[in-house]
Amino acid sequence: MRRIASTSRIFEPIVASSSRRIPRVAAALPTFNPVPSAAARRATSYARAYSTHSTAPPADLGPIPSISAENTYDIVIIGGGPAGLALASALVSHKTIRDTTRILLLEGGSLKPVREWDDQGPWSNRVSSLTAENIEWLESIDAWQGIALDRSRAVDDIIVWANPDTNATPMLHFPGSDRPLARMTENINTQRALLRRLERAPEGVVTVREGARVAEMRYGEGNGWVGLRIGDEWVRGSLVIGADGPNSPVRTFAKIDTFGHAYNAHGLVATLEHRPDPVWPNHTAFQRFLPTGPIAFLPLAEDASTMVWSTTPPLAAALKRLEPAALTMAINAGFTLPEQDLAIMQEALLAADLMNAPLSADGLKGILAALPDAQPTDAPLPPVITGVQPSSVASFPLRLTHADAYTAHRVALVGDAAHTTHPLAGQGLNAGLADARVLASTLDKARSVGSDVGGITALAPYPRERYLPNHAMLAAVDKLNTVFGARNPFMNWARGTGLEVINELGPLKAFFMANAGSSASRAPRTGAAREFGRAHASDPLPGVAAGLPAALADAAEAVQVARQVATAAGGVLAEGLRNALRRGADALEKK
Amino acid sequence: MSSCRTARAATRLASTALRPRPALLATRTSRLATPSSTRRHSTQQQTTLNTINQDEIDHFSRLSQHWWDETGEFALLHRMNPERVEYLRQKVAMDPHAEPEWTFADRSNDKRRDEARGSGRWLEGKRCLDVGCGGGLLAETLARLGGDVVAIDASAHNIAIARTHASCDPLLPFVDEHGAGPSTPASIPGRLEYRHTSAEALHAAGEKFDVVCSMEVLEHVDQPGEFLKCLGDMVKPGGHLAMSTISRTPLAQLLTITMAEDILRFVTPGTHHYHKYVRPEELRRFVAKEMGGHAVWEANEDASDIRVGEVGETRGIIYDPLGGRWRLWPGVEGTWAKGMGELCNYMYHAKKRA
Ligand SMILES: Cc1cc2nc3c(=O)[nH]c(=O)nc-3n(C[C@H](O)[C@H](O)[C@H](O)COP(=O)(O)OP(=O)(O)OC[C@H]3O[C@@H](n4cnc5c(N)ncnc54)[C@H](O)[C@@H]3O)c2cc1C
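Taken in sequence, the protein lines are chains E and S.
What the first sequence shows, in UniProt numbering, is residues 1 to 591, in sequence order.
What the second sequence shows, in UniProt numbering, is residues 1 to 354, in sequence order.
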């Protein structure tokens, strides 16, 4: 909290001052606020400093010292996370960029763990599902070949369910095809592959500097460049790209606001251990919607999986403090117990935590034994968990944020700097990779016609292509979270009917899947690989007359189904529901 | 920062008050190609240099903002620029006459060779002239592409604004009015020089260029024929002449005069004169008849072009409001469909024989 707020002070956009500048001229330059008076500046600085308990005095803003040609770049990317590295890799895969552009990537932390990651060792808890579409793209920019494949688990099936009461288990099943729907890949694995891609780029195109935290940003005179201070040294770029994560200092500098809301939830992550299943290889992702949020089981290997349990912050905190054996028990309960019983267990966990005496494994066993006998449910269950890797247990707050804009004069945002979402759809990083892909090709085109890469006009195609899709995804995930989290008879019925209708109707489901943003569903496939008759809604129905009658039947069916689904789920957030269900496929595919 | 000259330029600008009118459909203004008026400006400048009036500085700061405010009144012109340069790229970088000899041996490399030709700094080593450069929108892009660019304008203000803007970009190979620069590293090729002069003066000095551009100027000059001959003369053998202008059609009148000037007031009324507009075929025929025809200029490389008595290619350029960008209009030479695209704004290109 403290770090964020103090950076926002430093990143106030201020036109660089210089003894030769006539202030009135700078004040009249387009787009940016003029230099505030020193007093006003100090006042705001103190106000912010006060609110964040920071005692640092406001920095006095002298002129930017002159910056050498060596330290002058066309593009400066801030952030060596997956989004920043993907963008740099994408840029060097474009010929014009490679031939004409100098790129600097600044990472505040160290990239040593990434570079030296040896694909052995324990599983990281920062794992993302990469969609088939993004994997294809990473292949095309020559980066996927650096992935440690035995540390990237194919997800062939996704099963999503909720059981609001004991006799109803509405369920969605996304069957596999001849290509995985997605691959669970540790972020560090992806980052290492991208870093290796950069190391193969021709000399002098990309400079990667780590341990280089940007402490100050200012527009140069005439807004012709952006100066960045790293320690005592200044560098500058025609374009600065914020790939600097959810608290993006670049976004603050560019005065781009965000909107959204915090989910009153934390995501608890952990690496789970279980026995290999001789019959069912571990390629299925499971997600159960509980009243407090979804709990997801995501395969990593035959005997390991990762979990994201989104739940209330106190419960997440209580779970995090459990000893490993007790946590193992609680997670198994989370996937299997009926909701009423789970509620009892959670009460007990919270009560004990409040007393500062987290339940022991034996204590929890006692509570679970006292529960009324659970009816066997017909829900499909993930493997029984035998243990949790203690060091992998962590939790993070969940937020929906979307930047008002992705670009400003000499600034662009990608990845979490531009948007964050609930992990239930596993779309966070996938959206960031798509941003990187589009921004890189936008810059390549701009460069090939000699445009100033920092100009709004040159950058315009990027938000044009990415803003709405990202927005639709964020909204759909948000609504899914609401719809599946609600517990009242009407919603239960609506949700149940909605899911069952989708599940029963192959063509519609195929349609959902075809729109799930994964080109796996668009890829040619063998008939036998599909549970349902058609890969695409547009394919002819097997055994049914083709041509116009089939088309009419399709259309009639689609209308019928759409109406059914809409009514079933209707009344809830009328505007977005159909969209949400459609995007639901996207969501379910991941977690 | 040593090269950035906001202050100095503002001082120079304080001398006169001439506000450029905003543009619609890429109509640049205040680009009078008459050297006499420009000379008057410079003398005036000498005498008033010391009377720095704060209001005037503010005024000219606003003015400089107009050329380079990408979201402001010149937004359409900013958006047109990439498409104009794309046209140049197709004509200059992808010039079929400059294509390396095709052999069976390397036929599998066609795609890669094409990519190599049309990418990177494809104007490197080419001497370019931008006549009527305004604030320098086109000139800067040509310089960034590696071109050795001379950009001229008859308005002293425009030249001052263009110089100021270029001097603030550390990656532009900008040369100031004293010939100092460029201060960019040797690894960045190209040269960008602004001159307050006229095409006629350059011509008289015997200057020659590989690429001569004049965007949205033809419709403002009083003697388009003399102007064209002057531009054509400055093209080196094997070089290119590229222009953009507006056709004399009812549609153009509706869009650029009735709508833009009289109704929406995007452009100051009186900026455009319908009778000064030139139709595409008039331009092509003029080059054929009066500028040496095919003895001097290459035939249009488009194999579908079988027209006689016309030189060069015209190509419609149309604003797509949904895409927020301009698009070059496609079509087969000499067909009705292609002509439809040239009813308002269009590009012209001709290549001189080597
Ligand atoms: C614990 C956890 C688990 C997650 N699990 C999943 C999941 O299962 N699936 C999924 O899809 N998503 C998940 N996410 C989200 C996913 O990790 C993000 O979408 C992804 O990391 C975004 O990458 P990024 O590069 O945009 O930002 P980040 O990974 O946040 O990278 C930002 C980088 O910028 C650097 N930086 C910031 N400020 C500066 C500065 N001033 N100077 C220099 N460098 C700076 C930081 O050091 C950092 O390396 C998870 C996130 C967390 C925290």
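Note that beta-carbon positions come from the ideal geometry of N, C-alpha and C, so glycine has one too.
The model shown is predicted, which means the values in this text are computed figures rather than measured ones.
- By the Cβ neighbour-count rule, S:Gln-223 is exposed, with fewer than 16 other Cβ atoms within 10 Å of its own.
- Inclusion of E:Asp-444 and E:Ser-238 in the CB contact set at 7 Å is not warranted, their separation being larger than that value.
- Closer than 6 Å to some heavy atom of ligand 1: that does not describe the Cβ of E:Glu-323.
- Looking at the DSSP output, E:Gln-287 sits in a beta bridge with E:Val-160 and E:Ala-296.
- The beta carbon of S:Ala-295 is closer than 8 Å to those of Arg-353 in its chain, skipping five residues each way along the sequence.
- At least one heavy atom of ligand 1 is found less than 6 Å from the C-beta of E:Glu-107.
- Within chain S, the residues placing a beta-carbon under 7 Å from that of E:Val-449 are Pro-82, Val-85, Glu-86, Arg-89 and Thr-141, ordered along the chain.
- The C-alpha of E:Trp-309 is placed about 16 Å away from the C-alpha of E:Gln-427.
- For S:His-294, no chain E residue has a Cβ inside 9 Å of its Cβ, as the nearest lies near 30 Å away.
- Residues of the region 159 to 192 of chain S with a Cβ closer than 8 Å to any Cβ of chain E, in chain order: Thr-164, His-165, Ser-167, Cys-168, Asp-169, Pro-170, Leu-171, Ser-183, Thr-184 and Pro-185.
- Using a 10 angstroms sphere on the CB of S:His-240, the tally of other CB atoms reaches 16 or more, which defines it as buried.
- Among the residues facing chain E, S:Arg-327 is not included, as its CB has no counterpart in that chain under 7 Å away.
- Within chain S, Ser-119, Gly-120 and Arg-121 have C-beta atoms less than 8 Å from the C-beta of E:Asp-99, given in sequence order.
- The beta-carbon separation of S:Val-150 and S:Arg-195, rounded to 6 Å, stays under the 8 Å limit for a contact.
- With contacts defined by Cβ atoms closer than 7 Å, E:Leu-474 and E:Leu-413 do not form a contacting pair.
- Judged by beta-carbon spacing, S:Arg-191 lies within the 7 Å limit of S:Asp-148, meaning their Cβ atoms are closer than that value.
- S:Arg-79 reaches chain E at Thr-457 and Ala-460, counting residues in chain order whose Cβ is nearer than 9 Å.
- Spanning the alpha carbons of E:Val-208 and S:Met-291 requires a straight line of approximately 55 Å.
- Cβ proximity to chain S below 7 Å picks out Ser-66, Ala-69, Thr-72 and Asp-74 from the region 66 to 84 of chain E.
- Collapsing the DSSP output to three states places E:Leu-194 in a helix.
- For E:Ala-262, the uninterrupted beta strand (DSSP E) run begins and ends at 258 to 274, by DSSP.
- Put simply, the CB of E:Ser-93 is far from chain S, with every gap to its CB atoms at 7 Å or more.
- Here S:Thr-141 is near S:Val-85, since their CB atoms are less than 7 Å apart.
- The beta-carbon of E:Ser-441 is placed no less than 7 Å from the nearest beta-carbon of chain S.
- With contacts defined by Cβ atoms closer than 7 Å, E:Ala-446 and E:Ala-458 form a contacting pair.
- Separation of the CB atoms of E:Leu-198 and E:Ala-440 is rounded to 13 Å, and the pair is thereby denied contact status at 8 Å.
- For S:Glu-73, the closest of S:Leu-264, S:Glu-115 and S:Asp-130 by C-alpha to C-alpha distance is S:Leu-264.
- Contact between E:Asn-134 and E:Asn-430 holds, with the beta-carbon distance rounding to 6 Å and staying under 8 Å.
- The C-beta separation of E:Asp-404 from E:Ala-83 comes to about 19 Å, leaving the pair out of contact by the 8 Å criterion.
- Of all residues in the region 297 to 326 of chain S, only Gly-324 place a beta-carbon less than 7 Å from a beta-carbon of chain E.
- Between ligand 1 and the CB of E:Ser-128, the shortest heavy atom gap is smaller than 6 Å.
- Look at the region 115 to 148 of chain E: it has no residue with a C-beta under 7 Å from a C-beta of chain S.
- DSSP places E:Trp-280 in no beta strand (DSSP E); its state is neither H nor E.
- In the DSSP assignment, S:Asp-130 forms a beta bridge with S:Ala-151 and S:Cys-213.
- Contact between E:Glu-233 and E:Pro-291 does not hold, since the beta-carbon distance rounds to 53 Å and is not under 8 Å.
- If you ignore the 5 residues before and after E:Gly-245, its C-beta comes within less than 8 Å of the C-beta of Gly-79, Gly-81, Gly-415, Asp-416 and Ala-417, all in its own chain and listed in chain order.
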